[in-house]
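Numbering (my numbering), first residue to last: 1423 to 2081.
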């Protein structure tokens, strides 16, 4: 039996000591996309004992067979049982309550088995994921290589596909006629925006679709307001659909619309014609994210925004685990503010294409399903709360208009067209992000100082002047000293900043250098943006966490240690964990910078003096090293079939178990 399972990809096994004559057993598992599957009990019952092949009996056997040193999380979650003659076979899900199932999930499905049980069409969604991934890549090559159109490069192709995905999202999620004017006639988006219409009408249909985009690109349903009251449409008024070849429109629309019938997990047709709206939201988001990462041209530094999927998933898994475990945080998650809107706010101040936002949306949906209480007491209440959170709870900002547009389309595909994502010249100083208002921030900000060659003196001077202006705004917690020597005194406040300075050996703060790494400023800014008790997970260059010259930054975060008591005092946050990432984590982005994830929780404010921090104890810090992320970079693509483990999955598991 083990040999048969190995043929299906379950290639790891551990023989178990049978508890009675005639019985043989083993635990079997495999690996998919770098993540080990749950263990499967392969059990052969003695002759004449088939009556024991029931869910309760098999579960009892599953707990009695493994050796004592086996960890609890390694007990089998599934079982395959045969009789001694090999004529009878049964499959079981051993999760409570244990029950028989029709077949064992495949290697590619087993880690998503809970989703398969909860979502009756999840297997169909996964097939659509495979279809979209292959189709998006083929489409990109088609426009780039064989059917060249009015675009200048790879990133322009992605932008044009995103515009068409926006129109498809609009077509699917808006009721009514959705009419627009074209050459003096009133047309309906649902009539012209189809592959069949393009095939039948060619260039005429292309012109109609281009007019539709001009009409809907500034639709008020896609205009969002930032914390400063500024309004932002999803597209610039000067953005236009540039693709001109009817064949390319037909290819895109056929890919995203001709999905065939929707089937349940048993293969029964439940809807004659599927749409993108029928695909599980996190599956659709993953397809869009992988499409971007596989095809985005990262030269010039823009690729730094495209954080690898395992890193994003791990960071959000840690955050939402702790939110669920905290009574205070879980209550805040479903609370409302003074205006009756959801109080919980998530932010990525350097959001790029919205990767952290889309993963956070997925985790939030699952967390609401797991939480009880009045706000989520019924499916209708839960659905209403989630819909409102899609509009009010997600904030993203970026200095690249193209990235902002991609992030907006990304979230629109997930059912959050009003997610508050907007362009900002500089998130470090922008009033568009209000201090002290966010519960959770996950981000991978730009870091490193620019290098200027000979002959670039003017550019260097402009950079230094710009940095000087930024640094001046990062000194609200610094009070200028009088008398000889000058400098500043430092006194931390809940919404203050101080990284525009740095202390000398005598503890006197001086103005910071214009060569200060932006990563240091982003730490300070994110702590300012968080509510007291809020959480920050941030990707940082390792130097900030270990270089002696950056010790003041670490002390700024967690305080200075009292050698007599071992306690830390004066810091702004409690360090929860540090996870070292592989050196090639951002290879696709064109950088080999060694990075780590820093996880901190902002200290709470004093009740009697809300601008001052409580002196909370620093607890043990979770430390881990990830050597591989479940893929290797091959031909500028992340190859998840290489058989390397995703260490972050095991690290998250260890954190959740408190190891």
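Every residue, glycine too, gets a C-beta built ideally from N, C-alpha and C.
Taken through DSSP and simplified to helix, strand or coil, residue 1482 comes out as helix.
Taking the Cα positions, residue 1972 is about 6 Å away from residue 1966. Note on geometry: alpha-carbon atoms of residue 1573 and residue 1567 lie some 12 Å from one another.
In terms of Cβ geometry, residue 1940 and residue 1849 do not form a close pair [threshold 8 Å]. By the neighbour-count definition (other C-beta atoms within 10 Å, threshold 16), residue 1660 is an exposed residue.
Shown here, residue 1853 sits in coil according to DSSP, grouped into three states, outside any helix or strand. Taking the Cα positions, residue 1683 is about 23 Å away from residue 1611. Relative to the Cα of residue 1553, the nearest Cα in the group 1645, 1712 and 1755 belongs to 1712. DSSP places residue 1534 within a helical segment (H, G or I) once states are collapsed to three.
Spanning the alpha carbons of residue 1454 and residue 1476 requires a straight line of approximately 29 Å. Residue 1896 carries a coil assignment under DSSP once its states are collapsed to helix, strand and coil. Straight across, the Cα-Cα distance linking residue 1576 with residue 1779 is about 24 Å. For the pair residue 1742 and residue 1861, the Cα-to-Cα distance works out to about 11 Å.
Secondary structure at residue 1667: coil, using DSSP grouped into helix, strand and coil.
Here DSSP, grouped into helix, strand and coil, assigns residue 1823 to helix.
Along the segment 1707-1776, the alpha helix (DSSP H) occurs as fully enclosed runs of 4 or more residues at 1731-1747 and 1749-1755, listed in sequence order.
Counting along the chain, residue 1611 sits inside the alpha helix (DSSP H) bounded by residues 1611-1614.
Residue 1820 and residue 1774 do touch by the CB rule: their CB atoms are close to 6 Å apart, below 8 Å. In this chain, residue 1572 is not harboured by any alpha helix (DSSP H), its DSSP state being neither H nor E. Residue 1814 and residue 1500 have their alpha carbons spaced roughly 40 Å apart.
Between residue 1970 and the set 1701, 1926, 1948 and 1621, the nearest pair of CA atoms involves 1926. The continuous stretches of alpha helix (DSSP H) do not include residue 1520, and DSSP gives it neither H nor E. Separation of residue 1599 and residue 1845 (C-alpha to C-alpha, rounded to the nearest whole angstrom) is 31 Å. Spanning the alpha carbons of residue 1639 and residue 1625 requires a straight line of approximately 21 Å. Comparing alpha carbon positions, the residue from 2025, 2066 and 1510 closest to residue 1471 is 1510.
For residue 1930, there is no enclosing alpha helix (DSSP H), as DSSP marks it with neither H nor E. Around the beta carbon of residue 1447, 16 or more other beta carbons sit within 10 angstroms, so the residue counts as buried.
Taking C-alpha positions only, residue 1538 is separated from residue 1936 by approximately 53 Å. Note on geometry: alpha-carbon atoms of residue 1692 and residue 1685 lie some 5 Å from one another. With 16 or more other Cβ atoms inside 10 Å of its own Cβ, residue 1543 counts as buried. The distance from the Cβ of residue 1999 to that of residue 1991 is about 21 Å, inconsistent with a contact at the 8 Å cut-off. Secondary structure of residue 2025 (DSSP, three-state): coil. Residue state for residue 1868 is assigned as coil, using DSSP reduced to three classes. Where residue 1434 is concerned, the enclosing beta strand (DSSP E) starts and stops at 1434-1438. Counting C-beta pairs with one atom in each stretch, the segment 1833-1840 and the segment 1733-1753 have fewer than three that are closer than 8 Å, which means they do not touch. Here residue 1690 is exposed, its C-beta having fewer than 16 other C-beta atoms within 10 Å.
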